[in-house]
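**Student:**
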Amino acid sequence: MNIGIYIYRDVEVLDFAGPFEVFSTANRFLSDEDMWSVSLLSHNHGTVSARGGFNVQSDHSILSHPKLDVVIIPGGIHEPEMNNDKSMDWIAKVSQQADFVASVCTGAFLLAKAGAITNQAVTTHWEDQDDLKAKFPNLTVKSGVRWVDVGSIVTSGGISAGIDMSLRLVEKLKGREVALKTAKQMEFDWNEHGLVL
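Numbering (my numbering), first residue to last: 41 to 237.
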């Protein structure tokens with residue numbers, strides 16, 4: 041199974057690093073044939089300057105990568121990405137091809153702009169919920185929850201909520217025991233306060 045996390049200029053560091061750590065840690069509890077490959081994808085295979093000047097190397101470009109079973113779109117300074125046709129086209133395409141699609145924080149704006157989420161319940165960072173409602177009135181934006189799970193699409197609140205959401209994905213994909221072991225290994229107090237629809 042291939043898990044791809046999209047990164048872009050001024051992406052929020054914990055939005056991509058948190059999920060990356062969750063899935064990487066979960067691999068410790070999986071057999072060799074069940075392990076997943078976790079990779080970072082960007083416009084061009086190379087270095088991306090994330091929020092705060094944190095530089096990170098992507099594994100693949102969005103033009104050349106393995107088939108993705110799970111796609112995660114993190115938040116950050118997302119407006120330039122929303123106005124980038126190549127980004128929106130790629131997100132729309134991979135969202136249709138993947139088995140599961142997830143967003144962290146303001147990554148929900150990117151999924152919505154790309155048409156990957158529509159007429160459904162979602163969440164995002166508390167500070168951006170009103171803006172998401174205004175820009176995409178067809179979405180039902182939920183507040184007071186860490187994540188919203190509508191089957192093949194899971195959206196999370198801001199920043200650290202992406203870790204909780206990723207543990208939820210581990211639970212969906214590999215079972216509750218693996219998710220609990222992963223949280224314990226990370227010494228993370230898993231907040232399961234999400235909404236399943």
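Every residue, glycine too, gets a C-beta built ideally from N, C-alpha and C.
(1) Ignoring anything shorter than 4 residues or poking outside the segment 49-104, list the alpha helix (DSSP H) runs there in chain order.
(2) In the DSSP output, what is Phe-149 paired with across the bridge?
(3) What first and last residue would you give for the alpha helix (DSSP H) that runs through Ser-135?
(4) Look up Ala-161 in the DSSP assignment and give the residues it is bridged to.
(5) Just to confirm, are Leu-172 and Val-162 a CB contact at a threshold of 9 Å?
(6) Could you tell me which residues DSSP puts in a beta bridge with Val-236?
(7) In angstroms, rounded to a whole number, what distance separates the CA positions of Ala-201 and Met-75?
(8) Can you give the Cα-Cα distance for Asp-204 and Trp-187, rounded to whole angstroms?
(9) Would you report the Cα separation of Glu-121 and Ser-127, rounded to the nearest angstrom?
(10) Identify which residue in Asn-95, Arg-208, Ala-219, Phe-140 has its Cα closest to the Cα of Lys-107.
(11) Decide yes or no for the touch test of the segment 55-69 against the segment 202-221: beta carbon pairs closer than 8 Å, at least 3 of them.
(12) Look at the Cβ atom of Val-236, then the Cβ atom of Asp-189, and state whether they are nearer than 9 Å.
(13) Work out the CA separation of Thr-158 and Ala-152 for me, nearest whole Å.
(14) Using the beta-carbon count (16 or more within 10 Å), is Asp-72 buried or exposed?
(15) Which of helix, strand or coil does DSSP assign to Ser-196?
(16) In whole angstroms, what is the alpha-carbon distance linking Ser-104 and Asp-170?
(17) For Leu-213, which option in Val-62, Asn-124, Ile-47 has the closest C-alpha, if you only look at C-alpha atoms?
(18) Going by DSSP, what residue range makes up the alpha helix (DSSP H) through Val-218?
(19) Using a Cβ-Cβ cutoff of less than 7 Å, which residues in the same chain neighbour Ser-192 once the five nearest sequence positions on both sides are dropped?
**Tutor:** Checking against the coordinates, here is how it stands:
(1) Taking only runs of at least 4 residues, the alpha helix (DSSP H) segments lying wholly in the segment 49-104 are 53-66.
(2) Phe-149 is not bridged to any residue.
(3) Following the DSSP letters along the chain, one finds Ser-135 inside the alpha helix (DSSP H) bounded by residues 125-137.
(4) DSSP, once it has assigned bridges, lists Thr-180 as partnering Ala-161.
(5) Contact flag set, yes.
(6) Within the DSSP bridge table, the entry for Val-236 names Asp-189 as partners.
(7) Straight-line spacing of the CA atoms in Ala-201 and Met-75 works out to 24 Å.
(8) Using only the alpha carbons, I get a separation of about 8 Å.
(9) Glu-121 and Ser-127: Cα-Cα distance of roughly 6 Å.
(10) Of the listed residues, the one whose Cα sits closest to Lys-107 is Phe-140.
(11) Enough Cβ pairs lie closer than 8 Å, so yes.
(12) Cβ atoms of Val-236 and Asp-189: closer than 9 Å.
(13) In a straight line, the C-alpha of Ala-152 is about 7 Å away from that of Thr-158.
(14) Exposed, because fewer than 16 other Cβ atoms sit within 10 Å of the Cβ of Asp-72.
(15) Residue state, collapsed to three classes: strand.
(16) Using only the alpha carbons, I get a separation of about 36 Å.
(17) Out of Val-62, Asn-124, Ile-47, the CA that lies nearest to the CA of Leu-213 is found in Val-62.
(18) Counting along the chain, the alpha helix (DSSP H) containing Val-218 begins and ends at 216-225.
(19) Taken in chain order, the residues that qualify are Asp-139, Phe-140, Val-141.
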